[in-house]
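Novice: Have a look at this one.
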Amino acid sequence: MNGAATRAIDSPTPGLHDEWGLVAALRLGDEAAFLALVKRYHGAMVRIARMYLRSDATAEDAVQEAWLGVLKGIDDFEGRASVKSWIFRITAYCAKGRSVREGRFVPLSSLEEDGDDGPAVAPERFQPEGARYANNWSQPPQPWADERLAAVETAALARAEIERLPVRQRTVMTLRDVEGLDSDEVCAILGISEGNQRVLLHRARSKVRAALEQHLEKGGRP
Amino acid sequence: MIAYKFLSRGAVGPFSGFRWPTPDGGAAGPWVEARPEDGIHACRPVDLPYWIDEELWDAELSDDARETSHQLVASRGRLVRRVEAWPEIARAFAAHCSETVRARVEAALAAGGVTAERAALLRGYSGDAEAFARAGNVAAAAFAAARAAAVLAGDPEGFAAERSRQAAWLERALASARLPRA
Amino acid sequence: MSATELSCRELVELASDYVERRLPLAERTRFEMHLCYCAPCRVYLDQIRATIATAGRLTEDDLPAGSRETLLAAFREWKKTP
Numbered sequence: 003m004n005g006a007a008t009r010a011i012d013s014p015t016p017g018l019h020d021e022w023g024l025v026a027a028l029r030l031g032d033e034a035a036f037l038a039l040v041k042r043y044h045g046a047m048v049r050i051a052r053m054y055l056r057s058d059a060t061a062e063d064a065v066q067e068a069w070l071g072v073l074k075g076i077d078d079f080e081g082r083a084s085v086k087s088w089i090f091r092i093t094a095y096c097a098k099g100r101s102v103r104e105g106r107f108v109p110l111s112s113l114e115e116d117g118d119d120g121p122a123v124a125p126e127r128f129q130p131e132g133a134r135y136a137n138n139w140s141q142p143p144q145p146w147a148d149e150r151l152a153a154v155e156t157a158a159l160a161r162a163e164i165e166r167l168p169v170r171q172r173t174v175m176t177l178r179d180v181e182g183l184d185s186d187e188v189c190a191i192l193g194i195s196e197g198n199q200r201v202l203l204h205r206a207r208s209k210v211r212a213a214l215e216q217h218l219e220k221g222g223r224p
Numbered sequence: 010m011i012a013y014k015f016l017s018r019g020a021v022g023p024f025s026g027f028r029w030p031t032p033d034g035g036a037a038g039p040w041v042e043a044r045p046e047d048g049i050h051a052c053r054p055v056d057l058p059y060w061i062d063e064e065l066w067d068a069e070l071s072d073d074a075r076e077t078s079h080q081l082v083a084s085r086g087r088l089v090r091r092v093e094a095w096p097e098i099a100r101a102f103a104a105h106c107s108e109t110v111r112a113r114v115e116a117a118l119a120a121g122g123v124t125a126e127r128a129a130l131l132r133g134y135s136g137d138a139e140a141f142a143r144a145g146n147v148a149a150a151a152f153a154a155a156r157a158a159a160v161l162a163g164d165p166e167g168f169a170a171e172r173s174r175q176a177a178w179l180e181r182a183l184a185s186a187r188l189p190r191a
Numbered sequence: 013m014s015a016t017e018l019s020c021r022e023l024v025e026l027a028s029d030y031v032e033r034r035l036p037l038a039e040r041t042r043f044e045m046h047l048c049y050c051a052p053c054r055v056y057l058d059q060i061r062a063t064i065a066t067a068g069r070l071t072e073d074d075l076p077a078g079s080r081e082t083l084l085a086a087f088r089e090w091k092k093t094p
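Protein chains in written order, with my numbering: chain A, 3 to 224; chain B, 10 to 191; chain C, 13 to 94.
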């Protein structure tokens, strides 16, 4: 067969250039670059730390420690991973270390499930056994209006809902969907299996979708 | 090999959202390569009822095309020509599914010996097929017909049997559409 | 009902994995065949994607009070070291 083959859809390449610019400036002692990195990553780092530590305060401490680690290691950072991924890994390391020192360390993979294996959608939204379309929608989801979806308050609602998630679901959804890290990176940072990660992500996304549905549909049911 | 390919309006892949380059003038469209872990999907005639969508195309697939359950998968494909008759055939198909179900259900009920529960199911599916057909929801009409067939047969296999029957009907209709008009 | 048919109830449990492209081929095929005849599930899948996209729009919170100063102090200390 002849003819040039064109590529089918590819995922977009993440914008690496400005991260690297910040790293280069940071190496030269540029304070603004440091603050930019802090602004960009601090929140997510606290989330990661919270997976290992009991309180926001100790998580904050671990993240402060992580930033020191970043500064110490910045000259040696070779860039095999992304800057973001590297910073997050340092964070997990610091938080884990702190929790071990506090005698509280339990490997994430052995933590009990968040006590939550409810279905993604309330069972009463589906037709019962014996019905013509048993287990198919009885109260189907309605399309969301684009303008309402794009509204600022929708994002705020999503943020609030993510905050309400159990800690592991919150961390995984933040790293994957808010921060845009890929699955391999998140598993490496958190030391969890691919299967674990997928379950947590599924639960998190399902809950946030349900909350958005309630907000976006007049009298919507979760 | 040439195979059938369903796309959403605007030659858009229904699952990938990929906007397929279309044929220009008489020539086929350019080859498109799938992601390595994925593939270009297409239908054999027997697969048609399962993938019904708004547009039907003739597509050429690369030589590595292989059969999976319900699909053909290849590493590369290109659109050759749109099946212009598809919208008309689809409407006729939906009407045919609906009429066939209605007739079979009526016959079964007339013959007697059908429990109230099964009768309700059959009337329900029959009504659904008609409503879907009228609304232009071809895939759902065919699906309701297949559901009814399983109940009529008293056997889940009735679903697949009805799908085979639907596939044969579609293949005949599409073949007829290719014949030069008298 | 065909043995290979997916219900909507089952589909919503697989939606995230489908978006992740992690369903085995046979299950993915069943998932997509279901979408062909089931408009509500197409809506649901769109909503999962919209949820992910909305999360992607979130920017990070402001730093807690005091963090900025602590970090700047640490930074200036670091700068001093050879």
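Glycine is no exception: its CB is placed at the ideal position from the N, C-alpha and C atoms.
Small disclaimer: the values here were computed from a predicted structure and weren't measured.
A/A83 to A/A133, Cα distance in whole Å?
Specialist: As a first step, residue 83 of chain A is located in the first sequence; it is residue number 81 there, counting from the start. As a first step, residue 133 of chain A is located in the first sequence; it is residue number 131 there, counting from the start. Taking the straight line joining both Cα atoms gives about 53 Å.
Novice: Within 10 angstroms of its Cβ, does B/S78 collect 16 or more other Cβ (buried), or is it exposed?
Specialist: As a working note, residue 78 of chain B is residue 69 in the second sequence. B/S78 comes out exposed.
Novice: With B/G76 as the anchor, note down where its beta strand (DSSP E) starts and where it stops.
Specialist: As a first step, residue 76 of chain B is located in the second sequence; it is residue number 67 there, counting from the start. In the sequence as displayed, the identity of residue 76 of chain B is Glu instead of Gly. Run containing B/E76: 75 to 77, per the beta strand (DSSP E) assignment.
Novice: Just list the residues that DSSP pairs B/Y13 with in beta bridges.
Specialist: Walking along the second sequence from the start, residue 13 of chain B turns up at place 4. The partner list for B/Y13 (beta bridge, DSSP) reads B/C52, B/D67.
Novice: Output needed in chain order: residues of the stretch 128 to 141 of chain B with a Cβ under 7 Å from some Cβ in chain A.
Specialist: Along the stretch 128 to 141 of chain B, the positions whose C-beta sits under 7 Å from a C-beta of chain A are L130, G133, Y134, read in chain order.
Novice: Residues of chain B with a CB under 7 Å from the CB of A/R134: which are they?
Specialist: Translated into the one-based positions of the first sequence, residue 134 of chain A becomes position 132. Result: L130, G133, Y134.
Novice: Are any of the Cβ atoms in chain B nearer than 8 Å to that of C/T66?
Specialist: Numbered from 1 along the third sequence, position 54 holds the residue referred to as residue 66 of chain C. No - not a single Cβ of chain B is within 8 Å of the one on C/T66.
Novice: Under a three-way DSSP split, which group does A/Q199 fall into?
Specialist: Against the first sequence, residue 199 of chain A aligns to sequence position 197. Helix, per DSSP.
Novice: Can you tell me the Cα-Cα spacing of C/D29 and A/G31, whole angstroms?
Specialist: Taking the third sequence and counting its residues from 1, the one referred to as residue 29 of chain C is at position 17. Taking the first sequence and counting its residues from 1, the one referred to as residue 31 of chain A is at position 29. Going from the Cα of C/D29 to the Cα of A/G31 covers about 43 Å.
Novice: For A/T93, does the count of other Cβ atoms within 10 angstroms reach 16, so buried, or fall short, so exposed?
Specialist: Position 91 of the first sequence, counting from 1, holds the residue named residue 93 of chain A. Buried.
Novice: Just to confirm my understanding: we take C/L18, look at its own chain, exclude 5 residues before and 5 after, and list those with CB closer than 7 Å. What are they?
Specialist: Sequence index remark: in the third sequence, residue 18 of chain C carries index 6 (1-based). Excluding positions up to five away in sequence, the list reads R42, F43, H46.
Novice: Can you tell which of B/R87, B/R127, B/R111 has its C-alpha closest to the C-alpha of B/R42?
Specialist: Sequence index remark: in the second sequence, residue 42 of chain B carries index 33 (1-based). The question names Arg, but residue 42 of chain B is Glu in the sequence shown. If we check each option's Cα against that of B/E42, B/R87 comes out closest.
Novice: Does B/A162 have its Cβ less than 8 Å from a Cβ in chain C?
Specialist: Indexing the second sequence from 1 puts residue 162 of chain B at position 153. By this cut-off, B/A162 is not an interface position.
Novice: Does the stretch 168 to 185 of chain A touch the stretch 44 to 56 of chain A, meaning 3 or more C-beta pairs lie closer than 8 Å?
Specialist: yes
Novice: When you check each C-beta in the stretch 76 to 106 of chain B against every C-beta of chain C, which residues fall closer than 8 Å?
Specialist: T77, S78, H79, Q80
Novice: Does B/Y59 come within less than 8 Å of chain C when only Cβ atoms are used?
Specialist: Reading the second sequence from its first residue, position 50 is the one you call residue 59 of chain B. With 8 Å as the cut-off, B/Y59 counts as an interface residue toward chain C.
Novice: Let me check understanding here. Comparing Cα to Cα, which of A/R205, A/E149, A/E181, A/L151 lies closest to A/R166?
Specialist: Translated into the one-based positions of the first sequence, residue 166 of chain A becomes position 164. When only C-alpha atoms are compared, the closest one is A/R205.
Novice: For B/G21 and B/F15, which I take to be in contact (beta-carbon distance under 8 Å), what is that distance rounded to the nearest angstrom?
Specialist: In the second sequence, counting from the first residue as 1, residue 21 of chain B sits at position 12. In the second sequence, counting from the first residue as 1, residue 15 of chain B sits at position 6. Checking the sequence, you will find Val at residue 21 of chain B rather than Gly. Actually they are not in contact, since the Cβ atoms of B/V21 and B/F15 sit about 11 Å apart, beyond 8 Å.
Novice: How is the alpha helix (DSSP H) around A/Q66 delimited, first residue to last?
Specialist: On the first sequence, position 64 is the one that residue 66 of chain A refers to. A/Q66 -> alpha helix (DSSP H) spans 58 to 75.
Novice: Assuming B/G86 is part of the beta strand (DSSP E), what are its boundary residues?
Specialist: Locating residue 86 of chain B in the second sequence gives position 77, where the first residue counts as 1. Taken as a continuous stretch (DSSP letters only), the beta strand (DSSP E) holding B/G86 covers 85 to 91.
Novice: For a test of the three-state rule: what should DSSP assign to C/R80, helix, strand or coil?
Specialist: Numbered from its first residue, the third sequence carries residue 80 of chain C at position 68. Correct three-state label for C/R80: helix.
Novice: What is the rounded straight-line gap between the Cα of A/R42 and the Cα of A/R106?
Specialist: What you label residue 42 of chain A is simply residue 40 of the first sequence in a count that begins at 1. What you label residue 106 of chain A is simply residue 104 of the first sequence in a count that begins at 1. The straight-line gap from Cα to Cα measures roughly 29 Å.
Novice: Where does B/L57 fall in DSSP's three states?
Specialist: Your numbering for residue 57 of chain B matches position 48 in the second sequence. If DSSP states are grouped into helix, strand and coil, B/L57 belongs with the helices.
Novice: Based on Cα-Cα distance, which residue from B/A157, B/I49, B/R91 lies nearest to B/T31?
Specialist: The count along the second sequence starts at 1 and reaches residue 31 of chain B at position 22. The shortest C-alpha separation from B/T31 is found at B/R91.
Novice: So A/S185 and A/Q199 are in contact, right, with Cβ under 8 Å, and what is the actual spacing, rounded?
Specialist: In the first sequence, residue 185 of chain A corresponds to position 183, counting from 1. In the first sequence, residue 199 of chain A corresponds to position 197, counting from 1. Right, the Cβ-Cβ distance comes to about 6 Å (below 8 Å), so this counts as a contact.
Novice: For a test of the three-state rule: what should DSSP assign to B/V21, helix, strand or coil?
Specialist: In the second sequence, residue 21 of chain B corresponds to position 12, counting from 1. Looking at B/V21 - three-state DSSP - the assignment turns out to be strand.
Novice: Check the Cβ of C/R69 against every Cβ in chain A and list those closer than 7 Å, keeping chain order.
Specialist: As a first step, residue 69 of chain C is located in the third sequence; it is residue number 57 there, counting from the start. The contacting residues are A157.
Novice: For the ligand SAM, is there a heavy atom less than 7 Å away from the beta-carbon of B/P96?
Specialist: Summarising the ligand content, the structure contains no ligands, and the ligand SAM is consequently not present.
Novice: Which same chain residues, not among the five before or five after C/E32, have their C-beta less than 6 Å away from its C-beta?
Specialist: Taking the third sequence and counting its residues from 1, one reaches residue 32 of chain C at position 20. Closer than 6 Å at the Cβ level, and outside the excluded window around C/E32, lies no residue.
Novice: For B/W178 and B/V55, what's the separation of their Cα atoms in angstroms?
Specialist: In the second sequence, residue 178 of chain B corresponds to position 169, counting from 1. In the second sequence, residue 55 of chain B corresponds to position 46, counting from 1. In a straight line, the C-alpha of B/W178 is about 10 Å away from that of B/V55.
Novice: State the Cα-Cα distance for the pair B/A128 and B/N146, rounded to the nearest angstrom.
Specialist: Along the second sequence, one-based indexing puts residue 128 of chain B at 119. Along the second sequence, one-based indexing puts residue 146 of chain B at 137. The straight-line gap from Cα to Cα measures roughly 24 Å.
Novice: I believe B/D10 touches B/L65 by the beta-carbon criterion, under 8 Å. Please report the beta-carbon distance rounded to the nearest angstrom.
Specialist: Here residue 10 of chain B refers to the residue found at position 1 of the second sequence. Here residue 65 of chain B refers to the residue found at position 56 of the second sequence. Checking the displayed sequence, the identity of residue 10 of chain B turns out to be Met instead of Asp. The pair is not a contact, with the Cβ atoms about 17 Å apart (cut-off 8 Å).
Novice: Check the Cβ-Cβ distances between A/N198 and every residue of chain C, and say whether any is below 8 Å.
Specialist: Indexing the first sequence from 1 puts residue 198 of chain A at position 196. Judged by the 8 Å Cβ criterion, A/N198 is not in contact with chain C.
Novice: What are the residues in the stretch 44 to 61 of chain C lying within 8 Å of chain B by C-beta distance?
Specialist: Cβ contacts with chain B come from E44, M45, L47, C48, Y49, C50, A51.
Novice: Taking the straight line between their C-alpha atoms, what separation do you get for B/A148 and B/P96?
Specialist: Within the second sequence, the letter at position 139 stands for residue 148 of chain B. Within the second sequence, the letter at position 87 stands for residue 96 of chain B. Taking the straight line from one Cα to the other gives about 12 Å.
Novice: With a cut-off of 8 Å on the beta carbons, I'd call B/A138 and B/C106 a contact; round off their distance for me.
Specialist: Within the second sequence, residue 138 of chain B is the residue found at index 129, counting from 1. Within the second sequence, residue 106 of chain B is the residue found at index 97, counting from 1. 6 Å between Cβ atoms; contact.
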